[in-house]
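Protein chains in written order, with the working numbering: chain A, 1438 to 1791; chain B, 1438 to 1791; chain C, 1438 to 1791; chain D, 1438 to 1791.
Written out below as structure tokens is the structure these notes cover.
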């Protein structure tokens, strides 16, 4: 119950802190017979890794994954896929200034209360470094799910919003710019905004949107394990996420049922898709789309009031190389979590009929 | 894996369709020694039941729960709490018109594809009638959680929005009107809106907000079982929900980190609460608050284009007594699901230290 | 975690005490499309029910199951199968003599310590009455598993042992006598033994053996969920069970590897079957067979020394109508649990390959 | 569901094959604040490791565990404890002779059928090498469980049996000889027997017994998760195990209830302990004891008939350095699995009362 596993059948279990020797984990339940393209896995890792552009943290971490098991002669064997991502040499002294101090809006205070102690070096387990493991597992899930396309992109940074439905976007352009927004003009504005924020020593939030295409009918389980409920949990488990909506989402509450209903074509497709590709918690074959809200990073390069372990009011000032905005690096993480959910429900869906 | 259980330790498992003999289930993991006030349970049931006011479905169902086990001499024994809620006499003929027709934006099509068949009578398992079981379990969870307050309310109906932070509201007034909005003037407008919509044979969506107070520090598990991830899944598993946000939510993405961070007071409380009472996935002792988006009900009293099992385009017209808006009845369901999450994490939190 | 569920995918969750209004539960994960023969279910119930012969308890309980959900027009729908078995009118006064007294070798003392209280009426949740729910679920699992034969029988009562390998027995004769032993002469001796014991006001143990035929290759999951590990857990979860062995079992430890190894025929079958149809935790297509040890029933019709809640030494004397030996009624329970395990692993085995 | 996790709360998940780069895993749910003595962990590893004496396999593997996470400054943090045990350089050519051949009574055939392929090098995932991970986790569980003693020993090798109840043994002598039998004379006979068997190129089975003392009242969950059911599953999941019995076990079936019942002393202890320290599935504070049957190792240094992938009858001859008897090395594995079960139920038992 420790909260370090995700999924029912296709199941990821991870371990590791940001400043221990390594992070890693195991993927249980990946079927045998999936050919693995290791370059594709590293490609996903590179999309998430620090230092990839001027608008993300300048830390240099190669984020190389080494597999320990479960893949034999390039093909999955049905056995758990163990993997390790070494942490590069960390200067522990960098973190001495936060040993006894609770950083505002971090997990420092809550972990300390819950566990009676904490690994204070850079957030330890609460660091977003853990998401590298998700990207490894998601990259394998994507290869299992060949045929389904999973595409996320940056849809807003601060107040700069793409303002377009995904139907009107050319998502193939997402990776052509460093902020991962498929509209080049909006992307430029977003990049400029992050640069401005970074120079202020501040941070900014944003939104990632994700589109899942060619999802077969039938994924999702009734009642408590609806497809969108598990997608929502997957996204809300990512560091810094504050909200999730799918299909018509929060705007849809303003609509009337007669307008919101997606009437059928003869082939079972629907004329509109306010449902977001999911009806009764089960995929209906239409495109699935959802939005994920990321708050601004809590570590700012400014002086802040806070308290220490003893309850004394102290000042602290962010140090080190942090992201002014997590959103560009969050895009592959959102895709990875979506892939894990779809892989899990794809397997569960084999069990619905006699 | 069938998707009919919720929770890890304090765990609800349900069964039953809207038109079978009964719905019911079992609550496993409720500790021994909780004194049960049965009137409080029925009170929660009454808040959810059909026919309670002019703006909800006029179906008459008493929704009486009978307990089968797990409570002895008025106190929980630690054994599973089994319960049954009988379905009152249903006229199956009422549903003959939908036997071979897929209602738009319902689960008819997806269930039929997934399972190769379906109980077509009123939605069967996909009916929101299942939520009565959640209210039973939530009412027991609330009694286990004595000391924590869980209060939901209607914050928008269509475009009519409360527009106020929960801090400025007197939540004790929520139950004083039939739409369950704590501001009487806004409530009147909401009720009028629902009435108008109902007369049009149409439906409308809305938003439920929820506030959790006196939650101790430490609830929630790291990484994949963050408190807000499980709250999100709980809410997204409720029929008709399209979105979930907590704390600063989707609006918070526009903020800078320096403004969004919640700086500490000496006692560990924070000066602001953009975090929504949760940091690093673990409650920090501040108030927890979140919003849940409900789409308009799919059953409208209008003629709609649809298809039948054979793929023929046909016309259908909603019949029966349906809710023009689910939001007023959803308020106790949101509370119930929040209670289940808190009960589960309260128990898990006993396991964090040696 | 309350311990009231069994299985991963094909999952039974039960509730109910021996002297509450009813016992019951839900079966989650049974695939859609299984035609249900209700007479076969009742037939299994009748094999377990009290009062069926002179060598079992003379309590009269019809043990009629009523299904609440999950079966529509005689076919499973993929939705949870809820069911209720009413407890017939119990005289609570029958149990006043044990309200404050701990019966030796029962759960009275341990439950009281663990939960701080207990439902003292006839054992409450710890009563073997709960096994009626297992028989319901097992009967449905058997219908899902059509093609696999699951046959248990009484192989020893006290010191009277069948002493024959199952290969040399005609298992079709098992149900032809009330002790459920396929050798009529041995059965007579067993029946006489139980009668003698019963007249002494005493009880006796015994062994149930079980044979599973036509099990396809591939059931069972590596490492922790080996087929025999889950079979063992299933059997050890039945009231009064003290041991489980499969294949060559405890006797096999005396063999040399060269003799114990099952060498192959060209078609993948093996010349011997010391492995008991399971290799590496996975079924190999040969017959699976195992033995289950049942201790003598703890309730004897004799005066015994014991203690009460206050720690006072007191005398107690068994009352009521109890089984002198559980083994004849345990035969269908062993089959039911085996069916649940096979149904679960049959579904899991659909997930092993891409 | 892949079968690579054990436990509910204190949960071990492992990965790795015998001839991949490493085996390892993660322990989730170990509470924060447990001081870890790494020497004690290595001591347990040394009890299991190959090459430790003349009667076990002469393979040389140091079996050094390196922890990756979850322990900070020598104390558990409540985060998952990740660990790696590198496989020393393996000569893959040693296994070319079994690439296309199914070894009798191994997992080769069943894995190949289930997964459509297999890692043929030395058994891969089905190798008992995986049990090294169990010993790591069990050693940590033991440190969490300080106060409870967990002691296993060899009680039979082939037909040479200790023949004594554990009450009459001085278990402190178990580690004084290489077969781990607490009676020195019997140990000598067992060692001689294994030596004889080894020289024949054959193998032999045996029995491990285990005693758990100072277990508090209350461990175990009702119905399906009885303490002995989970202990049984734990033991049956160990390679080569064919049977499990606790308390009076298979012999107890011959007893009458009046003799088998454990009558109480005034302090809640019992005069006898046929129950084996567990009543109603819950520990009663008396010593828990059980026996585990291990079959003879399947790899014999003799020529055997078998088949290859294509169904051809072929001869094969065991090669390499294998155990003539697993029992001496299984003793610490049995202890480790018992420790995992007790740690899990110790945590679950915190949840039984309000």
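All residues carry an ideal CB built from backbone N, CA and C; glycine is no exception.
Beta carbon proximity, residue i to chain A, threshold 7 angstroms
i	result
residue 1464/C	no
residue 1790/C	yes
residue 1784/C	yes
residue 1787/C	yes
residue 1446/C	yes
residue 1571/B	no
Bridge partners - residue i, DSSP secondary structure assignment
i	result
residue 1741/C	1753/C
residue 1591/B	1645/B
residue 1547/D	For residue 1547/D, which the question treats as bridged, DSSP gives no partner whatsoever.
residue 1716/C	1719/C
residue 1773/B	According to DSSP, which records beta bridges pairwise, residue 1773/B is partnered with nothing at all.
residue 1726/D	1648/D
Cβ pair residue i, residue j closer than 7 angstroms
i	j	result
residue 1512/A	residue 1640/A	no
residue 1773/B	residue 1571/B	yes
residue 1580/A	residue 1471/A	yes
residue 1731/B	residue 1677/B	yes
residue 1439/C	residue 1466/B	yes
residue 1789/B	residue 1548/A	no
residue 1657/A	residue 1583/A	no
residue 1694/A	residue 1713/A	no
residue 1786/C	residue 1655/C	yes
residue 1697/C	residue 1541/D	no
residue 1830/D	residue 1690/C	Missing from the structure shown is residue 1830/D; chain D here goes from 1438 to 1791 and no further.
CB contact below 7 angstroms: residue i versus chain C
i	result
residue 1540/A	no
residue 1556/B	yes
residue 1525/B	no
residue 1767/B	no
Proximity test, Cβ basis, 7 angstroms: residue i and chain B
i	result
residue 1694/A	yes
residue 1739/A	yes
residue 1499/C	no
CB contact below 7 angstroms: residue i versus chain D
i	result
residue 1503/C	no
residue 1392/C	Outside the shown range of chain C, which is 1438 to 1791, sits residue 1392/C, and nothing can be said about it.
residue 1758/A	no
residue 1716/C	yes
residue 1515/B	yes
heavy atom of the ligand GDP below 6 angstroms from residue i C-beta
i	result
residue 1509/B	With respect to the ligand GDP, the structure offers nothing, as it holds no ligand at all.
Check distances from the C-beta atoms of the stretch 1465-1481 of chain D to those of chain B and list, in chain order, the residues that come in under 8 angstroms.
Under the 8 angstroms Cβ criterion, the stretch 1465-1481 of chain D contributes 1466, 1468, 1469, 1470 and 1471.
Pairs of beta-carbons, one from the stretch 1590-1601 of chain A and one from the stretch 1615-1632 of chain A, closer than 8 angstroms: are there three or more?
Cβ pair count under 8 angstroms is three or more, so yes.
With contact counted as at least three CB pairs below 8 angstroms, one residue from each stretch, are the stretch 1623-1640 of chain B and the stretch 1740-1748 of chain B in contact?
Too few Cβ pairs lie closer than 8 angstroms, so no.
Meets three-Cβ-pair contact criterion under 8 angstroms: the stretch 1672-1687 of chain B and the stretch 1665-1675 of chain A:
Segments in contact, yes.
For the structure I just gave you, are there three or more beta carbon pairs, one from the stretch 1554-1561 of chain A and one from the stretch 1453-1471 of chain A, closer than 8 angstroms?
In short, these stretches touch, since the Cβ pair count reaches three.
Segment contact, 8 angstroms Cβ cut-off, at least three pairs: the stretch 1469-1488 of chain D with the stretch 1489-1496 of chain A:
These segments do not touch.
Check whether the stretch 1751-1759 of chain C touches the stretch 1676-1692 of chain C, counting contact only when three or more Cβ pairs, one atom from each stretch, lie closer than 8 angstroms.
No, because fewer than three Cβ pairs between the stretch 1751-1759 of chain C and the stretch 1676-1692 of chain C fall closer than 8 angstroms, the two stretches do not touch.
At least 3 beta-carbon pairs within less than 8 angstroms: the stretch 1442-1453 of chain C vs the stretch 1532-1545 of chain C:
These segments do not touch.
May I ask you to list, following chain order, the residues of the stretch 1617-1648 of chain B that have a beta carbon less than 9 angstroms from some beta carbon of chain A?
Listed in sequence order: 1634, 1637, 1638, 1639, 1640, 1641, 1642, 1643 and 1644.
May I ask you to list, following chain order, the residues of the stretch 1647-1664 of chain B that have a beta carbon less than 9 angstroms from some beta carbon of chain D?
Per Cβ criterion, the list reads 1659 and 1660.
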